[in-house]
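The structure appears right after this line, and notes come after that.
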Amino acid sequence: MTKTLAFGDDHSGESDRCWDWIASHRWVGWSLDVVSAVPPTDMHPVAPDEARLHPWEPDQPREGEDLGFSQIQQLRALVDPRVALIARAWDLVAIGPRGSGMLKALHLGSTADWLLRQPASPLLIAQGKGPVQKVLVGADGSAHARRAISTLASLPWLEGLTVRLLAVDDGRVDTESALEAARGELSGSPADIESITRGGGATRAILSEIEAMEPDLVVMGARGHAGLKRLMLGSSTSAVAGSTDVSLMVAHALTDEA
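For the sequence shown, position 210 (counting from the first letter as 1) is numbered 210 according to my numbering, and the numbering increases by one without interruption.
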């Protein structure tokens, strides 16, 4: 079954950065939706067809035919970008770290904060350059982490990558079970899988491992067993997003899994 990547394109330098990240990989077996959303600038009502995502022909479309995508759609809506990017349940949504319309600040009511708290689609905040070679995965055994790892496992360019599974023994996580569940999600993956356990607080352990490993991508569940009800400053995911320039993939569990 073909999976679909949605690229949030606000035509900023940061969305160019995200596009460069996408273009660094081969997406065989995936399709691409390039999503552009422009909020209305006045109080005039917008026709329903214009407010919904619909095909359009931009003056300078993103050219991705040579990236292995089976299909590329250019989609547009006259609506808040946050609404556009939760309009469908994509297999992965990719945005840049700071955009003029898609993302202004990661923690203060921004589009990213909104998307990170929505269960519709796994989210990729692309910050690095070049193809991913090393991946750090936060494995805490939660349904959110399992969905994030399952999304990673579905990517078509994992062959030859090093994937390090990190479990943090903070007194709340059964690290052995968490690592076993993570390895199960990646069963059959062509990546090289390794597992480690660290002690102490989750945020500090993850940030320390990022410094030591220098991964190109960090994969985490949006919520862990700590019971966080929303992502705010102080959570492990927010700390990683705000403290590093590493690309970050985050996912919520589906409602019936959480």
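Even for Gly, the Cβ is constructed at its ideal location relative to N, Cα and C.
Handout entry: Check whether V132 and V163 have beta carbons under 7 Å apart
Key = Position 132 of the sequence shown, counted from the first residue, corresponds to residue 132. Position 163 of the sequence shown, counted from the first residue, corresponds to residue 163. It is not a contact, given that the beta carbons lie outside the stated cut-off.
Problem - Residue of G96, A94, R52 minimising C-alpha distance to A87 - result: Along the sequence shown, one-based indexing puts residue 87 at 87. The shortest C-alpha separation from A87 is found at R52.
Practice task
Can you tell me which of the three DSSP states S121 falls into?
Solution key: Here residue 121 refers to the residue found at position 121 of the sequence shown. S121 sits in coil when the DSSP states are folded into three classes, being neither helix nor strand.
Problem - Between the CA atoms of I125 and G221 - distance to the nearest angstrom - result: Residue mapping note: residue 221 aligns to position 221 of the sequence shown, counting from 1. Residue mapping note: residue 125 aligns to position 125 of the sequence shown, counting from 1. Straight across, the Cα-Cα distance linking G221 with I125 is about 14 Å.
Exercise for the section: Assuming S24 contacts G130 (C-beta within less than 8 Å), just tell me the rounded distance between them. Expected result: Here residue 24 refers to the residue found at position 24 when the sequence shown is read from its first residue. Here residue 130 refers to the residue found at position 130 when the sequence shown is read from its first residue. With a Cβ gap of about 5 Å, S24 and G130 count as contacting.
Problem - Residue(s) in a DSSP beta bridge with E194 - result: Residue numbering aside, residue 194 sits at position 194 when the sequence shown is read from its first letter. In the DSSP output, where bridge partners are listed per residue, E194 has R164.
Exercise for the section: Measure the CB-CB distance between G128 and S247 and report whether it falls below 7 Å. Expected result: By one-based count along the sequence shown, residue 128 stands at place 128. By one-based count along the sequence shown, residue 247 stands at place 247. Yes, they are a contact pair.
Practice task
Between the Cα of V240 and those of D192, R204, L158, spot the shortest distance and give me the residue it belongs to.
Solution key: Position 240 of the sequence shown, counted from the start, is the residue given in the question as residue 240. The residue among D192, R204, L158 with its C-alpha nearest the C-alpha of V240 is R204.
Practice task
Could you spell out where the alpha helix (DSSP H) holding L5 opens and where it closes?
Solution key: Indexing the sequence shown from 1 puts residue 5 at position 5. According to the DSSP assignment, L5 belongs to no alpha helix (DSSP H) but to the beta strand (DSSP E) extending over 3–8.
Handout entry: Beta-ladder partner(s) of A77, from DSSP
Key = For the purposes of this step, residue 77 is taken as residue 77 along the sequence shown, with counting starting at 1. Beta bridge pairing from DSSP links A77 with A37.
Exercise for the section: Taking 8 Å as the threshold, find out whether the stretch 39–46 comes into contact with the stretch 55–74 through three or more Cβ pairs. Expected result: In short, these stretches do not touch, since the Cβ pair count stays below three.
Handout entry: Environment of H54 [buried if 16+ CB atoms lie within 10 Å]
Key = On the sequence shown, residue 54 is found 54 positions in, with the first residue counted as 1. H54 should be labelled exposed.
Practice task
Locate the beta strand (DSSP E) running through L92, then write down its first and last residues.
Solution key: Mapped onto the sequence shown, residue 92 falls at position 92. Counting along the chain, the beta strand (DSSP E) containing L92 begins and ends at 92–95.
Problem - Host alpha helix (DSSP H) of S24 (start-end) - result: To locate residue 24, count along the sequence shown from 1; it is residue 24. Premise fails: S24 is in no alpha helix (DSSP H) and is neither H nor E.
Handout entry: For S195 and L179, believed in contact at Cβ under 8 Å, the rounded distance
Key = By 1-based counting over the sequence shown, the position of residue 179 is 179. By 1-based counting over the sequence shown, the position of residue 195 is 195. With a Cβ gap of about 5 Å, L179 and S195 count as contacting.
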